[in-house]
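A.B. asks: Have a look at this one.
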Amino acid sequence: MTDKNRKLRLGAFLLSIGHHIGAWRHPDVEPRDVFRLEHFKSLARLAERAKFDVIFFADNVGLPDVPPELLAKGPQVYNFDPLILQSILSQETQRIGLVATVSTTYLPPYHLARKFATLDHFSNGRAAWNLVTSATRFEAQNFGLGEQLAHADRYDRAREYVQVVRALWDSWEDDAFLFDKQGNRFFDPAKLHTPAHRAKHFSVRGPLQTGRPPQGYPVLVQAGSSEDGQALAAETAEVVFTAQQTFAEAKAFYDGLKSRLAQFGRDPSQLLVLPGVQPIIGRTEEEAKEKFALLQSLVDPEIGVGLLSTFLNFDLSAFPIDGPLPDLPFTEGWQSRRQLFVDLARRKNLSIRELYLEIAGGRGHRTILGTPQSIADQLEEWFVGGAADGFNILAPTLPKGLEDFSEFVIPDLQRRGLFRTEYEGRTLRENLGLARPVNQFAAS
Ligand SMILES: Cc1cc2nc3c(=O)[nH]c(=O)nc-3n(C[C@H](O)[C@H](O)[C@H](O)COP(=O)(O)O)c2cc1C
């Protein structure tokens, strides 16, 4: 890693009023912000002033299937449709990338292609799609399914889904539109292509009625880390969000994923790996520890066990909270995060209570604690050591956690020459250093 010009990438993962599950009861947080558009607008403006590469909204299409008394102990963080929210925020910002999560399992590809093409046009090339396959029964049951599709099937569908949407985005060549009043030709008919896709999972004729997105394709983000998830990412993803706890795990994941790209004829620089971190920032180490202790004291045990049960796809409520994590049967839910939690519990010999406290903050992402300088040191170590191309920043509380990171850590990273002081380009692809894809039909 000797490239002095290599800059780290930063995503602001905006989870409602903060990532920590106790955030909503924290004195810094106004819980009503969960429903306020102005809250999201000011977060977007703040992230752009700080020169983050992207703001990112995760999503689930349903409420967890747990008793309402338990649900009532915390806010619902996925209230709003992320694509609609990003469309609004695209008009509040000029340069920052806009990542919205949409599942390949529940929205037909034509709809997705058109919606992201629209966002890319009206944001002048700043749209990005976080492809998820969805991993819960409560989502499946909102779409006529009793059970979710099997893990391998979800990824098989997702692979074909990406082919369909890319073909739809290529329906029009970049210079198809002529606006020629004299010649009576609005567009050149030779530059309109009908994908006529028909394969195992989808039958989509096209063409898309929306012109080719300014970026060619909106940037494709993924976060699945299982074998299937990594295979799909190696073939198609341009940004990968991931949750790694230790440098060794992160480095192994980074090297492993990048080494898979060659088989698809892809350059490793065209896929950026961004592990998530939850920074707890204090003026002194002591203050950071106190801040963390306050947050941790706000975690309700039932919510902690519930969060863990959701990630593990296994109900832990009947097990002694101060006893060890039981052996878990195979499920069709999330694979990689589940393994990460099991490994963490075994490595540190944690009880159920200790495990949920470990993950409560970052939901499995790494928590880094300290002064701005020591946080910057820890980020630099992973970046320079080749375990990350940048980071997804999970502020424990919002807006305060993002304000602190922007005000104290980012200037430090800039002084070290590790992070930009100005956006390099206009589109998200330009800012991330990602190539603009050629049109598959025009190329032939
Ligand atoms: C930073 C990050 C963000 C994620 N956002 C979402 C999301 O918004 N919706 C979702 O269903 N899954 C989300 N996931 C989960 C992944 O998409 C994936 O389903 C999960 O990591 C399990 O994938 P696997 O079975 O391939 O391991 C996210 C994961 C990470 C690391």
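For reference, each letter of the sequence shown is one residue, going 25 to 468 in my numbering. Cβ coordinates follow ideal geometry from the N, Cα and C atoms, glycine included.
1. Is DSSP giving L379 helix, strand or coil here?
2. If you reduce the DSSP assignment to three classes, tell me which class D413 lands in.
3. Please report how far the alpha carbon of H221 lies from the alpha carbon of G35, in whole angstroms.
4. At which residues does the alpha helix (DSSP H) containing T355 begin and terminate?
5. Would T260 and R138 be called neighbours here (beta carbons separated by less than 8 Å)?
6. P213 to F146, Cα distance in whole Å?
7. Should A159 be counted as a contact of ligand 1 given a C-beta to heavy atom distance under 7 Å?
8. With DSSP as the reference, identify every bridge partner of S227, one or two as the case may be.
9. Taking just the CA atoms, how far does Y241 sit from H167?
10. By Cβ distance, which residues of its chain are closer than 6 Å to Q100, with the 5 residues on each side in sequence left out?
11. With a CB to CB cut of under 7 Å and the five nearest residues on each side skipped, what residues in its chain are close to L70?
12. Do the CB positions of S333 and L340 come within less than 8 Å of each other?
13. Can you look up T334 in the DSSP assignment and give me helix, strand or coil?
14. Taking 7 Å as the limit between beta carbons, can you name the residues of its chain near L136, skipping five residues before and five after?
15. With a threshold of 6 Å on Cβ separation, who are the neighbours of F338 within its own chain once the five nearest residues in sequence on each side are excluded?
16. In whole angstroms, what separates the C-alpha of T308 from that of G394?
17. CB of R361 to nearest heavy atom of ligand 1: below 7 Å?
18. Are there 16 or more other CB atoms within 10 angstroms of the CB of N29, so buried, or fewer, so exposed?
19. Starting from R390, follow its DSSP beta bridges and name the residues at the other end.
20. Report yes if the C-beta of T266 is less than 7 Å from at least one heavy atom of ligand 1; otherwise report no.
21. Could you tell me which uninterrupted alpha helix (DSSP H) segments, each at least 4 residues in length, are contained entirely in the segment 127-209, listed from first to last along the chain?
22. What number of angstroms, rounded off, separates the C-alpha of R450 from the C-alpha of R439?
23. Are there three or more Cβ pairs, one per stretch, closer than 8 Å when the segment 406-423 is compared with the segment 276-286?
24. Given a threshold of 16 other Cβ atoms within 10 Å of its Cβ, counted over all protein chains shown, does V462 qualify as buried or as exposed?
25. Looking at the strands, I want to know which residues DSSP matches up with F9.
26. Spatial neighbours of Q294 within its chain, please: C-beta separation below 8 Å, excluding the five flanking residues on both sides.
27. In angstroms with no decimal places, state the Cα-to-Cα distance between V156 and Q110.
28. Tell me, to the nearest whole angstrom, how far the beta carbon of V245 is from that of F265; I am working on the premise that it is less than 8 Å.
29. Taking only the alpha-carbon atoms, compute the straight-line gap between A191 and G230 and give it to the nearest angstrom.
30. Anyone know if the C-beta pair for P88 and F162 falls short of 8 Å?
31. Just to confirm, is the Cβ distance from A141 to W193 under 8 Å?
32. Could you tell me the alpha carbon to alpha carbon distance between W48 and L331, rounded to whole angstroms?
33. For I345, which three-state DSSP category applies?
34. Could you tell me how far apart the beta carbons of D144 and P237 are, in whole angstroms, since I believe they sit closer than 8 Å?
35. Return the chain-ordered ranges of every beta strand (DSSP E) run that is complete within the segment 61-109 and spans a minimum of 3 residues.
36. Suppose contacts are defined by Cβ-Cβ distances below 8 Å. Is L319 in contact with G46 by that definition?
C.D. replies: To lay it out plainly:
1. If DSSP states are grouped into helix, strand and coil, L379 belongs with the helices.
2. D413: coil per DSSP, three-state reduction.
3. H221 and G35 have their C-alpha atoms spaced approximately 34 Å apart.
4. First-last for T355: undefined, no H or E at that position.
5. The answer is no: Cβ separation not under 8 Å.
6. Each residue's Cα considered, the two are about 24 Å apart.
7. Checking every heavy atom of ligand 1 against the Cβ of A159, one is found closer than 7 Å.
8. DSSP output for S227 lists R222 as bridge partner(s).
9. The sequence given here has Phe at residue 167, not His. Cα-Cα distance, rounded: 28 Å.
10. No residues qualify anywhere along the chain.
11. Closer than 7 Å at Cβ, skipping near neighbours: P423, L426, E427, S430.
12. In this structure, L340 lies closer than 8 Å to S333 by Cβ.
13. Three-state result, T334: helix.
14. Result list for L136: V126, V189, in chain order.
15. These residues qualify, in order along the chain: L352.
16. T308 and G394: Cα-Cα distance of roughly 7 Å.
17. It does: the Cβ of R361 is within 7 Å (strictly closer) of some heavy atom of ligand 1.
18. With fewer than 16 Cβ atoms within 10 Å of its Cβ, N29 is classed as exposed.
19. Answer is V301.
20. Yes, the Cβ of T266 comes within 7 Å of a heavy atom of ligand 1.
21. Correct list: 133-146, 161-164, 175-193.
22. Rounded to whole angstroms, R450 to R439 spans 24 Å at the Cα level.
23. These segments touch.
24. Looking at its Cβ environment, which holds fewer than 16 other Cβ atoms inside 10 Å, V462 is exposed.
25. Any property of residue 9 remains undetermined from this structure, which presents the chain solely from 25 to 468.
26. Residues E262, L285, L458, A459 of the same chain have their beta carbon placed closer than 8 Å to that of Q294, with the five preceding and five following residues left out of the count.
27. Rounded to the nearest whole angstrom, the CA to CA distance from V156 to Q110 is 17 Å.
28. The C-beta separation of V245 from F265 comes to about 6 Å, placing the pair in contact by the 8 Å criterion.
29. Rounded to the nearest angstrom, the gap between the Cα atoms of A191 and G230 is 9 Å.
30. Closer than 8 Å, so yes.
31. Yes. Within cutoff.
32. Just so you know, the alpha carbons of W48 and L331 end up roughly 15 Å apart.
33. In the three-state reduction of the DSSP assignment, I345 falls in the coil class.
34. The C-beta distance from D144 to P237 rounds to 4 Å, short enough to fall under 8 Å.
35. Fully enclosed beta strand (DSSP E) runs of no fewer than 3 residues occupy 78-81 of the segment 61-109, in order along the chain.
36. Cβ atoms of L319 and G46: closer than 8 Å.
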